Every structure is written in C-alpha cells, then in structure tokens.
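**Student:**
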Amino acid sequence: MLDKTINLSIPVKESILFSLKESTDEFSQELLYLSALMLYKRRKLSLGKAAELAGYNKIDFIFKLKTEGEAIFDYNDDEIDEIFSASKQLP
Numbered sequence: 026m027l028d029k030t031i032n033l034s035i036p037v038k039e040s041i042l043f044s045l046k047e048s049t050d051e052f053s054q055e056l057l058y059l060s061a062l063m064l065y066k067r068r069k070l071s072l073g074k075a076a077e078l079a080g081y082n083k084i085d086f087i088f089k090l091k092t093e094g095e096a097i098f099d100y101n102d103d104e105i106d107e108i109f110s111a112s113k114q115l116p
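Count the sequence shown with this note's numbering and you get residues 26 to 116, in order.
1) Using C-beta distances below 7 Å, list every residue in its chain close to N82, excluding the 5 sequence neighbours before and after it, in chain order.
2) Report the CB separation of L45 from F52 in whole angstroms; it is logged as a contact under 8 Å.
3) Are L90 and I84 closer than 7 Å when you measure CB to CB?
4) For L57 versus L64, is the C-beta spacing smaller than 7 Å?
5) Which word fits A79, buried or exposed, when buried means at least 16 other C-beta atoms lie within 10 angstroms of its C-beta?
6) Roughly how many angstroms lie between the CA atoms of T92 and D50, to the nearest whole one?
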C-alpha cells in the first residue's frame, strides 16, 4: 500500500516566526515534531507512525525523544500492574 502525501496549509502570521526566530521550514519541521509527539503521548499514533509524521525513522525519533527528556514508554501504575499480571499468566 502506497501512502499519498497531502499538503496542509496553516495560516501563521510572520510576527510569530519573527518572535521564534525561525524560518518557515524550521517552523514547519518543529510543528510536525510537536504534533507527532503530542499524538504519540495521547496514544493516537504509534511510535513508528509518530516518527514518520515528524520526518524521522523510528530510532532517530527515539533518540530525539530522549534528548528532549520525553518518556518513550509512558505507562501509569495500573497499566504496569496489568502488564506484569498478564506476563505471569504466560507459559
């Protein structure tokens, strides 16, 4: 299956880019990364799909997350207990 790329147009005032001291390309890349990160954290995208959205391969995305101090696997206590309980039932 081939994925078709679509282009989105998002209006941004030049003053925002000026305040950020970023070019259009830098801002676009950062926006994609932050969107991918948020969608991954909200569990709307897998790690691989989030990496793809951000323009990284999976390994580079993991390193970027680590560099930024972001959790790669973010489970709460109940989820961890569930995982360990399920693993005890394995043969």
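Even for Gly, the Cβ is constructed at its ideal location relative to N, Cα and C.
Predicted model, so just to flag it, every value in this text is computed and none were measured.
**Tutor:** According to the structure data:
1) Counting only Cβ-Cβ distances below 7 Å, and skipping sequence neighbours, we find A76.
2) The Cβ separation is near 7 Å, so the contact holds.
3) For L90 and I84, no; Cβs fall outside 7 Å.
4) No, the Cβ-Cβ distance between L57 and L64 is not below 7 Å.
5) Taking all protein chains in view, the Cβ of A79 is crowded by 16 or more other Cβ atoms within 10 Å, so the residue is classified as buried.
6) Whole-angstrom Cα-Cα distance: 21 Å.
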